[in-house]
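So the number in my numbering is just where the residue sits in the sequence shown, counting from 1, plus 3.
Think of the CB as a built atom: it goes at the ideal place given N, C-alpha and C, for glycine as much as any other residue.
Keep in mind that this is a model prediction, so the values were computed, not measured.
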Amino acid sequence: MAKKILSPTPKRISNRTHHQVFALNDDENKALCRYLEKYKIKNKAKFIRETIMIAIIRKMEEDHPRLFD
């Protein structure tokens, strides 16, 4: 029986090209680390990105003009 030849897996290309950097003080960092540990969050960058974007989208929806208030 012939061996199957596996094609190499394509490299994953990230579409995130805009980098943002921010700093935390000691207390903020401890709080973040405790939260990540308590809720067993493994991917810190994903958590921070999703949390920030959820807050931004909620605020934009609140500020969206409405026909009837």
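What are the uninterrupted segments assigned as alpha helix (DSSP H) that are 4 or more residues long and contained completely in the segment 23-63, given in chain order?
29-41
So, using beta-carbon positions, are Phe50 and Ile44 closer together than 7 Å?
yes
Nearest to Asn28 by CA position, among Cys36, His21 and Lys41, is which residue?
Cys36
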